[in-house]
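In the working numbering, the protein residues as written are 2 to 468. Quick reminder that beta carbons are idealized off the backbone N, C-alpha and C, glycines included.
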DNA sequence: TCTGGGGTCCTAGGACCC
DNA sequence: TCTGGGGTCCTAGGACCC
């Protein structure tokens, strides 16, 4: 009757580098060794990202405000963080993990799952424990002494719980079949997904431990915490966790946000900030070679209320101009709806709906000169005001753009020959460029956003088109 | 002078289509 | 004429994680 909790061997490994950011600082600066070190925001509104174990003695914890950390441990070294150094150390560790198994799923710079059930490996618990211990030694050797805590179990959930049981520098193996007795006495908060809100709901239902949680039916749990969450909780309470280790998970969004030392009240200043952040987002999109259709802004008010506004475009964006333009419009819309004069402490810009988009066939049939060979004929037609792109096989829709859109103005970007702008009339306007090369140029015709004109599609898994 | 920055996933409601 | 359900896409907010 009981569902088998997982695979029959303890072949899921979870590795967690101990106090990672602080440990890298202590490794690189001998004067910090043995001393409390706190890495995180150092300003008035900063929070702690990582506290060294010496600082934890004083009660300094991750996510605590730096102000409180300073009160508890004034003699600690407070550091901003050197993410390039962390990335490098992380890369070394992930590389070692991938030598042990191709199935490595990084969760962050300092954490990863590894599936050891690949190839010809001996899956006896003792043999797997030897692999894990050898791994820990290699990590320390290769990184100049960074220590890792490792858990080995029959599922992701239990492996992660295990890695936390003997920190720092520990190895905990949970033999298959013993998972439930390990979990039962633990607080429900060991379960991933049970944060403060869920824990409080469960507490009101009389649930404090995993054993208590086992007493609730699926229906009861779904009623308490929702459909998806309830079912997962029901399973995890029984150590049922079939989630596979997945290497190569693609990013779904990219964002840049910042909290300011003092609250902003000037819309123009906020607009400028969003413009700069949009450039940062575009740069990172370019780094990963992706673009996305949904632009989001995030605005946190002085009272910590957080507002998001988003707009989904007819085609993906990946360059600063359009992202900034949409972001600024969303801000102005928001300012009309919500009083921002009380102060804004955080602003952010993001792009979601990411994919390596390819140009659709619909538009690849459009007569388009090669970027490097503009012809005189085209230069002449470009002189004709109001001239419409003549290469389209179907009639070009009548321009229905709001009258304030003047051809030739207001366009700072196109995507591979075509673009769009956000109209003051609250509509997306598809714009065609008369210029032969891609890039900014005068607009000769405007067509209102028309579903039939969607020029981009997600690459289907079967086409294998590259960009 | 409480409360970062980067994300993921879920829910709920409305629009729209069949 | 009345009543409708399912599916998808989009938006806003919230919980959660490291």
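Cβ-based burial, residue i [other Cβ within 10 Å; buried from 16]
i	result
residue 150	buried
residue 327	buried
residue 84	exposed
residue 305	exposed
residue 345	buried
residue 9	exposed
residue 161	buried
residue 321	buried
residue 343	exposed
residue 135	exposed
residue 211	buried
residue 31	exposed
residue 250	exposed
residue 246	buried
residue 17	buried
residue 199	buried
residue 189	buried
residue 242	buried
residue 1	Because the chain here runs from 2 to 468, residue 1 falls outside it and cannot be looked at.
Own chain, CB closer than 7 Å to residue i, minus 5 neighbours either side, in chain order
i	result
residue 244	157
residue 42	48, 67
residue 362	Confidence at residue 362 is low in this model, with a pLDDT of 49, below 50, so the placement of that residue should be treated as unreliable; the coordinate-derived value is given next. Taken in chain order, the list of residues that qualify is empty.
residue 27	33, 34, 38, 53
residue 279	321, 324, 325, 328, 350
Euclidean distance between Cα positions of residue i and residue j
i	j	result
residue 169	residue 58	14 Å
residue 191	residue 213	13 Å
residue 273	residue 290	25 Å
residue 348	residue 283	16 Å
residue 252	residue 265	31 Å
residue 180	residue 68	40 Å
residue 39	residue 186	32 Å
residue 382	residue 286	The predicted model places residue 382 with a pLDDT of 31, which falls under 50 and marks its position as unreliable; any figure quoted below should be read in that light. Going by the C-alpha atoms only, they are around 35 Å apart.
residue 124	residue 146	29 Å
residue 137	residue 143	10 Å
residue 230	residue 340	35 Å
residue 240	residue 7	8 Å
residue 268	residue 81	29 Å
residue 338	residue 63	36 Å
residue 121	residue 248	20 Å
residue 13	residue 228	27 Å
residue 281	residue 288	11 Å
Residue i and residue j closer than 7 Å at C-beta
i	j	result
residue 98	residue 115	yes
residue 257	residue 350	yes
residue 276	residue 353	no
residue 126	residue 176	yes
residue 113	residue 101	no
residue 173	residue 166	yes
residue 11	residue 183	no
residue 75	residue 55	no
residue 238	residue 215	yes
residue 202	residue 225	yes
residue 235	residue 111	no
residue 148	residue 19	yes
residue 155	residue 15	no
residue 117	residue 78	no
residue 488	residue 260	This structure cannot settle anything about residue 488, because the visible part of the chain is limited to 2 through 468.
residue 90	residue 51	no
Identity of the residues DSSP links to residue i by a beta bridge
i	result
residue 254	353
residue 158	According to DSSP, residue 158 bridges with nothing at all.
residue 298	310, 350
residue 114	15, 106
residue 265	345
residue 293	318, 355
residue 259	348
residue 41	49
residue 78	38
residue 92	In the DSSP output, where bridge partners are listed per residue, residue 92 has none listed.
residue 287	DSSP lists no partner for residue 287.
Other residues of its chain near residue i: CB distance less than 6 Å, five sequence neighbours each side excluded
i	result
residue 440	Reliability fails at residue 440, whose pLDDT of 40 lies under 50, so the model's placement of it is uncertain and the value that follows must be treated cautiously. Cβ neighbours of residue 440 beyond the five flanking positions: none.
residue 86	25
residue 73	59, 60, 61
Close beta carbons around residue i, own chain, < 8 Å, minus the five adjacent residues each side
i	result
residue 311	295, 296, 297, 298, 331, 353
residue 335	298, 300, 308, 310, 341
residue 88	110
residue 469	Because the chain is modelled from 2 through 468, residue 469 falls outside the range shown and cannot be assessed.
residue 128	122
Residue i Cβ short of 6 Å to the ligand ATP heavy atom set
i	result
residue 90	This structure lacks the ligand ATP; in fact it carries no ligand of any kind.
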